[in-house]
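What follows is a short report on a single structure.
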Amino acid sequence: MVKHQPLQVYERQLCLSCITGIYGCRWKRYQRSHDDTTKWELLWSLILLFTFCLLLVWFYFWWEAHNDYNEFNWFLYNRSGEWSDGTVPILATTAAGFTYIAFLMVLALCHIALGQQLNLHWLHKIGVTAALLTTIVGVISINQTWGQEWDVVPISLQATGPFLHIGALAAVTALSWIVAGQVARAEKTKFQVVVMLLYLSVLLGLYLVPLYISSPCIMDPSTLKPRPTVIGHQGAPMLAPENTLWSFQRALQMNVTGLEADVAISVDGVPFLMHDRTLRRTTDIVKIFPDRQTDDASFFNWTDLQQLNAGQWFLKDDPFWTLHSLSRREKDLIANQSVCSLEQLLKLASYHNSTVVFRLRRPPLEHPCYHSWINDTLQAVQQSGVPQSLVMWTPDEHRAQVRQLAPGLIQTSVEKLSPQSLEEYGISRLLLRYNQASPQEIRNFTHSDINLTLYTVNEPWLYSVLWCSEVSSVSSEAPQILKKVPYPIWLMSPDEYRLMWVSADLISFAVVIGIFIFQKYRMSGMRSYNPEQIMLSAAVRRSSRDINVMKEKLIFSEVGNGVGGADELYGDTGYNYYTNQGISQ
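Note that this note's numbering has the sequence shown beginning at 1, numbered continuously upward.
Given below as structure tokens:
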């Protein structure tokens with residue numbers, strides 16, 4: 001007697017095969033499973049989620065830290081002695097890692113939505129581990145070398161917070177489709193309750209987050225203060241070599257109201273402009289004085305300094321990736337720049353009636369001008385003929401003596417003190433890094449007649465936040481960018497923000513309720529089945545190209561001495577296999 005098993009018909013699902021294949025290398029139908037995910041794979045799913053969140057923060061940090069890339073590169077230069085743009089490999093690896101982990105997260109969510117068992121392939125587990133460890137090492141390194149930069153995250157949230165909230169709300173609202181499907185399919189009440197509580201807690205938290213979002217740009221537009229003035233930090237170092245005459249001239253072309261420079265004193269008592277301790281990065285000292293390339297810049301006399309070229313390095317290194325935007329004439333001017341003296345800068349500022357603020361670096365102890373550095377600098381100021389009311393004096397040493405010799409100088413502090421203390425010391429201006437003053441502190445200084453200048457402000461979003469915070473002036477390496485910001489990037493009244501917030505919450509809530517109702521209705525009208533359900537039918541053959549007919553098992557067993565025909569086999573049961581509708585011989 002011969003026994004026939006029915007033919008098995010299944011539908012090809014290419015999309016599902018790609019999802020399970022890429023995620024867990026389960027390309028074949030028989031490799032997939034609808035069983036519950038194992039605890040081990042659940043642990044890996046949590047690791048994947050944590051890695052995604054960490055990389056998201058890391059990526060956001062570097063995106064907003066763009067304002068201070070030059071500062072980071074300078075830190076690297078001080079450690080390695082070689083100038084390079086260290087942000088490029090960091091950004092490349094961060095973008096690649098985030099894209100990879102985000103892709104795996106999408107695949108994992110697709111598994112959950114389709115009811116597939118999570119089973120991350122071992123190669124992906126290695127990739128996730130590498131991304132996690134690399135990011136952790138990066139975070140630790142930044143904490144040790146550039147810890148102050150983490151302040152950019154809460155500061156940037158003052159500009160991006162309202163919009164990130166809308167994005168997060170949209171993402172969590174979209175996840176309701178998966179959550180609703182899981183709840184509707186689940187058979188255990190306990191599982192349904194836990195999932196619902198977790199999801200609703202997250203959703204409720206997002207609905208209430210705006211209560212804690214604070215931004216100075218949420219204000220009455222009619223109370224907006226005048227545009228903060230811009231001081232060219234080292235001139236316009238993105239368009240010309242820093243601390244050169246051409247750099248300051250370019251800054252003046254960008255309508256800056258002041259110029260900021262770093263000042264050292266030569267061995268023969270001439271104050272000159274130089275940011276670094278040595279001359280290696282910004283001059284051709286390796287070519288002119290190869291044996292002295294590591295010497296402190298202040299141990300050179302002014303005659304030797306004038307022999308150095310201070311512009312060719314800019315054409316060679318292109319530190320801000322702006323060389324392509326410069327004309328041939330500008331490049332020729334850059335190539336011929338020399339070390340600039342403080343007196344030259346002051347004369348230029350006097351001609352344009354621009355304020356000058358400089359940071360004076362005291363020479364080493366063995367330097368001939370170690371004790372006379374203040375007097376040497378004052379002498380250069382007086383010889384330049386610049387009005388004292390245009391010079392912001394920052395050194396704290398011998399401030400009382402300086403006030404007697406040059407009473408017209410604008411006394412400026414680089415140390416954060418209370419407005420009352422500054423007034424007691426006779427200081428009228430304060431110069432701080434932008435992360436050292438909160439919006440409330442900025443308003444306090446403004447209302448107490450202390451002119452506050454914050455540095456270094458290069459990005460329009462940061463400039464806009466500080467503008468709304470009522471800061472009076474900023475110091476920038478990118479005056480050509482801030483020149484194009486005639487108004488804060490965004491500004492809305494509290495009533496407008498509340499309307500946007502409540503509207504977004506109501507729309508989200510309505511969409512979530514609608515999705516849960518639809519999923520419940522959809523699942524109630526469907527019987528629980530495998531998306532790749534094998535449809536057993538021995539009597540139906542489909543002509544569609546999308547359906548494959550596969551005979552998986554045809555077992556023959558003989559009873560007795562011969563094999564009967566099909567009519568014999570099915571005659572007793574009343575079932576005619578070969579004459580059934582849809583089957584042709």
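Just so it is clear, CB atoms sit at the ideal spot from N, CA and C, and this is done for glycine as well.
With residue i as the anchor, note down where its alpha helix (DSSP H) starts and where it stops.
i: V256; result: Note, V256: premise wrong, no alpha helix (DSSP H); not H, not E.
i: P407; result: It is not in any alpha helix (DSSP H) - P407 carries neither H nor E in the DSSP assignment.
i: V195; result: 189 to 208
i: S17; result: 14 to 24
i: S80; result: 69 to 80
i: D332; result: 328 to 335
i: G97; result: 87 to 114
i: N353; result: Unbroken run through N353: none, as it is neither H nor E.
i: K287; result: 285 to 288
i: N444; result: 439 to 447
i: I482; result: The question names Ile, but residue 482 is Leu in the sequence shown. Counting along the chain, the alpha helix (DSSP H) containing L482 begins and ends at 479 to 482.
Looking only at its chain, what residues have a beta carbon closer than 7 Å to the beta carbon of residue i, apart from the 5 residues adjacent to it on each side?
i: T310; result: One detail in the question is off: residue 310 reads as Ala in this sequence, not Thr. Contacts found: P241, T244, T282, T283, Q337, S338, V339.
i: P439; result: P216, S469
i: D376; result: I265, G269, P271, C369
i: Q344; result: L245
i: V471; result: P228, I442, L452, L454
If I follow the unbroken beta strand (DSSP E) through residue i, where does it start and stop?
i: G181; result: Here G181 belongs to no beta strand (DSSP E); instead the alpha helix (DSSP H) covers 152 to 185.
i: S421; result: No beta strand (DSSP E) holds S421; the alpha helix (DSSP H) holding it covers 419 to 424.
With DSSP as the reference, label residue i as helix, strand or coil.
i: D304; result: helix
i: L431; result: strand
i: T453; result: strand
i: F314; result: helix
i: H121; result: coil
i: I515; result: helix
i: A510; result: helix
i: R359; result: strand
i: I622; result: With the chain covering 1 to 585 only, the question about residue 622 has no answer from this structure.
i: I458; result: Checking the sequence, you will find Asn at residue 458 rather than Ile. Coil at N458, not helix or strand.
i: D276; result: coil
i: D296; result: coil
i: T38; result: coil
i: S372; result: coil
i: D268; result: coil
i: M392; result: strand
i: N309; result: strand
i: V474; result: strand
i: F556; result: Confidence at F556 is low in this model, with a pLDDT of 39, below 50, so the placement of that residue should be treated as unreliable; the coordinate-derived value is given next. In this structure, F556 counts as coil in the three-state DSSP scheme.
i: S493; result: coil
i: I218; result: strand
i: V263; result: strand
i: S341; result: strand
Is it buried or exposed, residue i, if we count other Cβ atoms within 10 angstroms and call 16 or more buried?
i: P591; result: The shown model of the chain, from 1 to 585, leaves out residue 591, and the question about it has no answer.
i: W373; result: buried
i: W40; result: exposed
i: F604; result: With the chain covering 1 to 585 only, the question about residue 604 has no answer from this structure.
i: C18; result: exposed
i: Q420; result: exposed
i: T51; result: buried
i: N119; result: buried
i: V106; result: exposed
i: W321; result: exposed
i: R328; result: exposed
i: W122; result: exposed
i: L454; result: buried
i: V179; result: buried
i: G97; result: buried
Keeping to the same chain, check which residues put their C-beta closer than 6 Å to that of residue i; ignore five residues upstream and five downstream.
i: N301; result: S266, V267, D268
i: Q158; result: S215, V465
i: D505; result: Y207
Hey, how far is the Cα of residue i from the Cα of residue j?
i: L14; j: I515; result: 26 Å
i: S80; j: N73; result: 10 Å
i: D36; j: L42; result: 10 Å
i: L409; j: Q293; result: 36 Å
i: K553; j: T38; result: Here K553 scores only 39 on pLDDT, less than 50, and its place in the model should not be relied on; the value that follows carries that caveat. C-alpha separation (whole angstroms): 31 Å.
i: L133; j: S84; result: 25 Å
i: G138; j: I507; result: 39 Å
i: V357; j: I489; result: 28 Å
i: L104; j: Y23; result: 7 Å
i: L365; j: H371; result: 9 Å
i: V209; j: S325; result: 43 Å
i: L259; j: A478; result: 12 Å
Can you list, in chain order, the residues of its chain with a C-beta nearer than 8 Å to that of residue i? Leave out the 5 residues immediately preceding and following it.
i: S413; result: T394, D396, L422, Y425, I427, R429, L430, L431
i: E415; result: D396
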